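*Asks:* The structure's right below; bear with me while I get my questions together.
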Amino acid sequence: MVAAVAMAGEDHFVEEATSVKFPLDIPGEKSSLVLLGATVRVKKILFVNVQVYAVGVYTEPGVVEELKGKEPNDMYKYLMEHPVQSSLRLTMVRSVTGDQMGGALKEAVQPRLKLFARDEASTAGDMSAFEKQFDMSSLAAGTVLTFSRLQNGNLRVSRQRFSCGTIEAASAPAGVVTRDWWEARDGRSKIPLELGTG
23 MVAAVAMAGE DHFVEEATSV KFPLDIPGEK SSLVLLGATV RVKKILFVNV QVYAVGVYTE
83 PGVVEELKGK EPNDMYKYLM EHPVQSSLRL TMVRSVTGDQ MGGALKEAVQ PRLKLFARDE
143 ASTAGDMSAF EKQFDMSSLA AGTVLTFSRL QNGNLRVSRQ RFSCGTIEAA SAPAGVVTRD
203 WWEARDGRSK IPLELGTG
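Quick note on my numbering: the sequence shown kicks off at 23 and runs consecutively.
Written out as structure tokens, the structure reads:
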């Protein structure tokens, strides 16, 4: 993940591999959240690396100050262990269908549900609720998806600025997405340490 440092006088940060512009702050639950850093999700398809989306990580202003200079995994750990707001803002750089995006996230999330499983039926219900967040025909390049972890632990999902719904903190997918999002993305580390390897 690359730390977000904007050019003087700019109100956004440009993720250099994709040229996606991330606003330096976005609305939060009670106050604005500030951009902590950004990276790009690359998927290998038939031996070719394809950029899928750029992702920016946002959190409370005081937290950004506290995390300056820390390693990405330490930042991740802090965000998950403290009751702070944080958001992941995904900007699609390649058009995909809602089914493709939902399927890809399900593929990443479902194996981790065993960590939170209460029983098979409730886990299946949780996964179904999570998949419904992607009940849309397509995600065109430029579409913005935001996953916001609220102070109560719930996960709010929105597309552009419209809410897709909220997943309760007690549900397995909310726990997986908020705790294991980065690991689910690349299967290696909580937060990619190098740009373009996510």
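Here a beta-carbon is modelled for each residue, glycine too, at the ideal position from N, C-alpha and C.
The model shown is predicted, which means the values in this text are computed figures rather than measured ones.
Helix, strand or coil for residue 76 per DSSP?
*Replies:* Within the sequence shown, numbered from 1, the residue matching residue 76 stands at position 54. Residue 76 falls in the strand class under three-state DSSP.
*Asks:* Going by beta carbon distance, what residues of the same chain come within less than 7 Å of residue 218, once the five residues before and after it are set aside?
*Replies:* Within the sequence shown, numbered from 1, the residue matching residue 218 stands at position 196. Unreliable positioning characterises residue 218 in this predicted model, as indicated by a pLDDT of 30, which lies under 50. A coordinate reading is not provided.
*Asks:* Let me check understanding here. Comparing Cα to Cα, which of 128, 119, 75 and 58 lies closest to residue 96?
*Replies:* Start at 1 with the first residue of the sequence shown, and residue 96 comes out as number 74. Relative to residue 96, the option among 128, 119, 75 and 58 whose CA is nearest is 58.
*Asks:* What separation, rounded to the nearest whole angstrom, lies between the Cα atoms of residue 114 and residue 78?
*Replies:* As a first step, residue 114 is located in the sequence shown; it is residue number 92 there, counting from the start. As a first step, residue 78 is located in the sequence shown; it is residue number 56 there, counting from the start. C-alpha separation (whole angstroms): 12 Å.
*Asks:* Can you look up residue 97 in the DSSP assignment and give me helix, strand or coil?
*Replies:* As a first step, residue 97 must be located in the sequence shown, where it is residue number 75. Helix, per DSSP.
*Asks:* How should residue 69 be labelled, buried or exposed, when 16 other C-beta atoms within 10 angstroms of its C-beta is the threshold for buried?
*Replies:* Start at 1 with the first residue of the sequence shown, and residue 69 comes out as number 47. Residue 69 comes out exposed.
*Asks:* Which one of 106, 92, 90 and 117 has the shortest CA to CA distance from residue 175?
*Replies:* Position 153 of the sequence shown, counted from the start, is the residue given in the question as residue 175. Comparing Cα-Cα distances from residue 175 to each of 106, 92, 90 and 117, the minimum goes to 106.
*Asks:* With DSSP as the reference, label residue 125 as helix, strand or coil.
*Replies:* Within the sequence shown, residue 125 is the residue found at index 103, counting from 1. Helix at residue 125.
*Asks:* Express the C-alpha separation of residue 41 and residue 237 in angstroms, rounding to a whole number.
*Replies:* For the chain, the structure presents residues 23 to 220; residue 237 sits outside this window and is missing.
*Asks:* My understanding is that residue 177 touches residue 169, with C-beta atoms under 8 Å, so please give their C-beta distance in whole angstroms.
*Replies:* Here residue 177 refers to the residue found at position 155 when the sequence shown is read from its first residue. Here residue 169 refers to the residue found at position 147 when the sequence shown is read from its first residue. Contact flag correct, Cβ pair sits at about 6 Å.
*Asks:* State the Cα-Cα distance for the pair residue 120 and residue 187, rounded to the nearest angstrom.
*Replies:* Residue mapping note: residue 120 aligns to position 98 of the sequence shown, counting from 1. Residue mapping note: residue 187 aligns to position 165 of the sequence shown, counting from 1. So the alpha carbons of these two residues sit roughly 15 Å apart.
*Asks:* When you compare each of 127, 111, 54 and 147 to residue 43 by their alpha carbons, which one comes out closest?
*Replies:* Translated into positions along the sequence shown, residue 43 becomes position 21. Taking the Cα of residue 43 as reference, the smallest distance to any Cα among 127, 111, 54 and 147 is reached at 111.
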